[in-house]
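In this note's numbering, the protein residues as written are 134 to 448.
Quick reminder that beta carbons are idealized off the backbone N, C-alpha and C, glycines included.
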Ligand code: UDP
């Protein structure tokens with residue numbers, strides 16, 4: 134296949150690009166590097182099947198030649214970035230999705246949207262299944278991401294229904310692993326960097342809120358299975374192993390053998406209290422479930438943060 138991946142220089146985009154190149158597909162990687170980095174792709178430039186274009190997909194998208202699939206993964210994805218880039222977040226989720234759908238339509242390609250557990254907002258049911266409509270504050274600081282992704286899902290389904298296009302919607306839950314930025318601001322990178330530099334671990338709120346974290350290689354396999362399926366409606370992809378944030382902080386501190394203290398900071402606005410995917414559809418229809426436990430995934434992730442901390446003298 135010849136695949137266009139938007140957001141290819143980001144955390145998930147770079148893993149996806151590598152996965153498809155390894156499977157001998159061709160990848161046209163697009164990213165405007167607002168939050169991504171070409172460093173995440175550096176081993177791929179030597180492949181003749183890999184091409185990188187520095188471009189903002191909010192603008193008209195022209196890709197010469199055949200395209201079999203368009204994977205729209207471009208977006209800031211850390212709550213810290215929604216505050217820093219609120220309008221680009223809205224634009225890439227809304228206008229960027231429209232451009233990416235237009236490209237897929239012109240090429241008669243499959244379209245895949247990287248959607249998110251944030252479409253469920255601060256959920257009133259736990260775990261969340263795909264039938265749940267969510268509890269989102271449209272005007273809060275996270276609304277720029279949540280509402281753009283909800284719009285993106287609506288747009289994707291409209292293209293499916295009206296233009297009869299094959300579409301895939303992956304509702305991606307919290308994911309972690311190599312290629313996350315050291316200063317990404319999300320819980321795993323923060324706790325890793327804080328533990329490894331012996332600085333206090335910053336737990337927001339009382340730390341009783343929960344998340345369910347998926348190791349990146351599991352997630353990428355789920356995404357691949359979904360792309361290869363014929364499911365034209367949203368599917369949760371994530372790991373249902375749920376943990377409180379305080380337990381996560383303690384776990385990372387222990388695994389890194391850190392002597393850091395744990396300190397409590399104010400809870401950001403609209404921070405979801407619980408989050409856990411119901412993955413019955415993925416398990417049944419995609420024959421997929423995560424294989425890597427939280428403990429093993431964190432152990433695999435520590436060396437990446439250690440190496441990159443050595444290189445980054447600013448931290
Ligand atoms: N969090 C925390 N300390 C940090 C960063 C995040 O306690 O240094 C909390 C945050 O308030 C949220 C959870 O960790 O409850 C997960 O946050 P993250 O930014 O990783 O992603 P989210 O799931 O909120 O999109």
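Proximity test, residue i beta-carbon vs the ligand UDP heavy atom, cut-off 7 Å
i, result
"residue 342", "yes"
"residue 192", "no"
"residue 437", "no"
"residue 378", "yes"
"residue 355", "no"
"residue 247", "no"
"residue 252", "no"
"residue 337", "yes"
"residue 320", "yes"
"residue 404", "yes"
"residue 369", "no"
"residue 400", "yes"
"residue 391", "no"
Whole-number beta carbon distance between residue j and residue i, since they are thought to touch under 8 Å
i, j, result
"residue 140", "residue 207", "3 Å"
"residue 304", "residue 370", "7 Å"
"residue 423", "residue 348", "7 Å"
"residue 451", "residue 233", "There is no way to answer for residue 451, as the model of the chain reaches only from 134 to 448."
"residue 134", "residue 202", "6 Å"
"residue 260", "residue 411", "4 Å"
"residue 438", "residue 329", "6 Å"
"residue 419", "residue 345", "That pair is no contact at about 18 Å."
"residue 229", "residue 269", "Contact doesn't hold; Cβ gap of about 20 Å is too wide."
"residue 286", "residue 246", "7 Å"
"residue 341", "residue 379", "7 Å"
First and last residue of the uninterrupted alpha helix (DSSP H) at residue i
i, result
"residue 332", "Segment: none, residue 332 is in no alpha helix (DSSP H) and carries neither H nor E."
"residue 288", "276 to 296"
"residue 112", "Lying before the first or after the last residue shown, residue 112 is absent from the chain, which here runs from 134 to 448."
"residue 225", "219 to 240"
Boundaries of the beta strand (DSSP E) in which residue i is found, first to last residue
i, result
"residue 187", "183 to 187"
"residue 369", "367 to 370"
"residue 174", "It is not in any beta strand (DSSP E) - residue 174 carries neither H nor E in the DSSP assignment."
"residue 164", "159 to 164"
"residue 453", "Since the first residue of the chain shown is 134 and the last is 448, residue 453 is not available in this structure."
"residue 344", "343 to 345"
"residue 375", "375 to 377"
Reduced DSSP secondary structure (H/G/I, E/B, other) of residue i
i, result
"residue 142", "coil"
"residue 306", "coil"
"residue 267", "coil"
"residue 316", "coil"
"residue 195", "coil"
Chain D contact for residue i (CB, 8 Å cutoff)
i, result
"residue 282", "Among the chains in the structure shown there is no chain D, since it carries only a single protein chain."
Problem - Stretch pair the stretch 349 to 362 + the stretch 384 to 399: three plus CB contacts closer than 8 Å - result: no
Exercise for the section: Count the C-beta pairs between the stretch 304 to 319 and the stretch 374 to 385 that are closer than 8 Å, then say yes if the count reaches three, no if not. Expected result: no
Exercise for the section: Report yes or no: do the stretch 318 to 328 and the stretch 430 to 443 share at least 3 C-beta pairs separated by less than 8 Å? Expected result: yes
Practice task
Would you be able to state if there are at least three C-beta pairs under 8 Å between the stretch 273 to 292 and the stretch 180 to 197?
Solution key: no
Practice task
Decide if the stretch 262 to 274 is in contact with the stretch 164 to 180; the criterion is three or more beta carbon pairs, one per stretch, under 8 Å apart.
Solution key: Cβ pair count under 8 Å is below three, so no.
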